[in-house]
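First comes the structure, then the notes that go with it.
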């Protein structure tokens, strides 16, 4: 199975040999900034660099708010908590993703429901999502429930695989019909646009990662972006 997945991914890139997700690049002032940060004694969750980073990220993505987190998994976890996901709930996501996507769901005490990916984007298939919801879901009392398990389906987490945008506008439209919160896993897609709009800004929240193998890196780190002031305030 893994060989088939690897062959499929390679066919999308048309390349042989090692394909890095992203290669860290440094502009030359990192040591200066680190010294400034250390000298200020604000070396963790607050400080001028965190404030500036959040402001710049919001401006770059076009989101109204950005909230820095310790890593991308924490951004996903916090977003799901803000979405109301809790013990016994279900969250729809895709099987082709990094384990952090599912870990964040499990951290909430919820169970993942896997819906297949689209062959062209390698992201969650809106066609498969609609089929799943039409066959398996029902709205009761304003809540989407899985007919087979009786559990509440709270959210959908599409992942922009290897930075390639999923058909996220279609996913959001379907989720609106079923009253589901969309949390975009945009960990790998900083800088990726879909229909002239930045990934991570289609759903109620988007989660980014700044690990060492991401588009830009802080060594670690993550962030939530949203247009909802109340969600941003709660995330803080």
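In the numbering used here, the protein residues as written are 47 to 282.
Positions of the beta carbon are idealized from the N, C-alpha and C atoms, including for glycine.
**Q.** For residue 98, the first and last residue of its enclosing beta strand (DSSP E)
**A.** That residue, residue 98, is in no beta strand (DSSP E); its alpha helix (DSSP H) goes 94 to 107.
Q) Over what stretch of residues does the alpha helix (DSSP H) that includes residue 241 continue unbroken? A) That residue, residue 241, is in no alpha helix (DSSP H); it is neither H nor E in DSSP.
Q | Run of the alpha helix (DSSP H) containing residue 52, from where it starts to where it stops | A | Residue 52: member of the alpha helix (DSSP H) spanning 48 to 59, first to last residue.
Q. Exposed or buried, which one is residue 250 when buried takes at least 16 other CB atoms within 10 Å?
A. buried
(Q) Along the chain, where does the alpha helix (DSSP H) containing residue 151 start, and where does it finish? (A) 145 to 153
**Q.** Same chain, Cβ closer than 6 angstroms to residue 261, neighbours up to 5 away in sequence not counted
**A.** Taken in chain order, the residues that qualify are 68, 236 and 237.
Q: Tell me whether the beta-carbon of residue 266 lies closer than 8 angstroms to the beta-carbon of residue 256.
A: The Cβ atoms of residue 266 and residue 256 sit closer than 8 angstroms to each other.
Q: Just tell me which of 248, 86 and 179 has its CA closest to the CA of residue 109.
A: 248
Q) Can the beta-carbon of residue 137 be found less than 8 angstroms from the beta-carbon of residue 126? A) yes
(Q) Quick check on the burial criterion: 16 or more other C-beta atoms within 10 angstroms. Buried or exposed for residue 234? (A) buried
Q.
With a threshold of 7 angstroms (Cβ to nearest heavy atom), would residue 116 be considered close to the ligand ZN?
A. With respect to small molecules bound, the structure shown includes none, and the ligand ZN cannot be examined in it.
Q) So is residue 56 buried or exposed if we call it buried at 16+ other beta carbons inside 10 Å? A) exposed
Q: Taking only the alpha-carbon atoms, compute the straight-line gap between residue 111 and residue 276 and give it to the nearest angstrom.
A: One alpha carbon belongs to residue 111, the other to residue 276, and they sit about 10 angstroms apart.
Q. Since residue 189 contacts residue 178 with CB under 8 angstroms, what's their CB separation in whole angstroms?
A. About 17 angstroms separates the two Cβ atoms, so there is no contact after all.
Q: Assign residue 192 to one of two classes, buried (16 or more other C-beta atoms within 10 Å of its C-beta) or exposed (fewer than that).
A: buried
Q: Identify, in the order they occur along the chain, each residue of the same chain with its Cβ nearer than 8 angstroms to the Cβ of residue 194, setting aside the five sequence neighbours on each side.
A: Result list for residue 194: 182, in chain order.
Q.
So, does the segment 206 to 219 touch the segment 146 to 160, judging by three or more C-beta pairs under 8 angstroms?
A. no
Q. Between residue 104 and residue 227, is the Cβ-Cβ spacing less than 8 angstroms?
A. no
Q. Are the beta-carbon atoms belonging to residue 163 and residue 281 less than 8 angstroms from one another?
A. It is not a contact, given that the beta carbons lie outside the stated cut-off.
Q.
Between residue 204 and residue 231, how many whole angstroms is the CB-CB distance? I'm expecting something under 8 angstroms.
A. 7 angstroms
**Q.** Environment of residue 51 [buried if 16+ CB atoms lie within 10 Å]
**A.** Exposed is the call here.
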